[in-house]
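In mature numbering (1 follows the signal peptide of the UniProt record, and there is no 0), the protein residues as written are -26 to -1, 1 to 250. Using N, Cα and C, we set each Cβ at its ideal position, and we do this for glycine too. Nothing here was measured: the structure is a model prediction, and the numbers come from that model. Okay, structure first, notes after.
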């Protein structure tokens, strides 16, 4: 299949996912959120829209032109320039993929067990479900300010050319990818406390991948972590989530006893993260 055909197929798939999720939300009797990134329209999450943390309350506006905060964003971006076209850039490209099974597998090495629908089906399904909660939690502020992304401001390419058309029309602040990555890390740390440091470190790097990719400003990433953490806090009172969390803990424990992930399979990721 040609590159043009692949891009066309990808666009068709995203459009179908948007339509399917719109139908699911309508059937659930919820108002359809104004979401412009199809990654967060794939399936209903655990929380009703009215129960999501409110980014309009929790976050202020993005940095203004000429502010010290914007200067910090620019410095953070410049610091990542030497990483382009390196192993860390390639890892950032992989982190940009929120489709499953790749999205879950990004945390397999930190967890010490393969996260997929075969070995850890309950955990994989839970991670897909909370993805919607994490992403949707960012859209109050995202829609209000519709901040322009750094690759557009600087007329540069990102690490994912196939996603740029979508991102150009999707507000940069806060980062939904980061909300998801940090939220996943926090949940996984609950499931496997003995791997908490590695999981939280991976969650931090997942967010930093957005800066390295030139898809988000540093302040977008910082705000995304706030929304991810706020969503995890809210999930702690949801019975369905807590039931799945308990089941995932037992599932991961059994998977580790049966077949822990060999360190050799994680060598490339470890090298990329240590070479920054």
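How should residue i be labelled, buried or exposed, when 16 other C-beta atoms within 10 angstroms of its C-beta is the threshold for buried?
i, result
"residue 80", "buried"
"residue 124", "buried"
"residue 195", "buried"
"residue 92", "exposed"
"residue 31", "exposed"
Do you know offhand how far residue i's Cα is from residue j's?
i, j, result
"residue 38", "residue 44", "7 Å"
"residue 52", "residue 19", "36 Å"
"residue 73", "residue 135", "16 Å"
"residue 253", "residue 244", "A query on residue 253 cannot be resolved here, the shown segment of the chain reaching from -26 to 250 and no further."
"residue 220", "residue 103", "15 Å"
"residue 112", "residue 27", "9 Å"
"residue 234", "residue 122", "43 Å"
"residue 299", "residue 22", "Residue 299 lies beyond the stretch modelled for the chain, which goes from -26 to 250, so this question has no answer here."
"residue 150", "residue 230", "30 Å"
"residue 36", "residue 101", "28 Å"
"residue 139", "residue 86", "35 Å"
"residue 130", "residue 236", "38 Å"
"residue 248", "residue 127", "29 Å"
"residue 172", "residue 145", "30 Å"
Taking the alpha carbon of residue i as the reference point, which residue from the options has its own alpha carbon closest?
i, options, result
"residue 152", "230, 143, 25, 110", "110"
"residue 223", "208, 190, 89, 241", "89"
"residue 159", "122, 138, 203", "203"
"residue 167", "42, 227, 106", "227"
"residue 34", "75, 148, 25", "148"
"residue 105", "132, 83, 77", "77"
"residue 82", "186, 175, 217", "175"
"residue 58", "192, 209, 188", "188"
"residue 119", "49, 246, 107, 29", "29"
Pick out the complete alpha helix (DSSP H) segments inside the region 70 to 137, 4 residues or longer, and give them in chain order. 76 to 79, 82 to 85, 95 to 110, 113 to 119, 124 to 127
Whole alpha helix (DSSP H) runs in the region 19 to 47 with 4 or more residues, listed along the chain? 29 to 32
Pick out the complete alpha helix (DSSP H) segments inside the region 159 to 200, 4 residues or longer, and give them in chain order. 170 to 186
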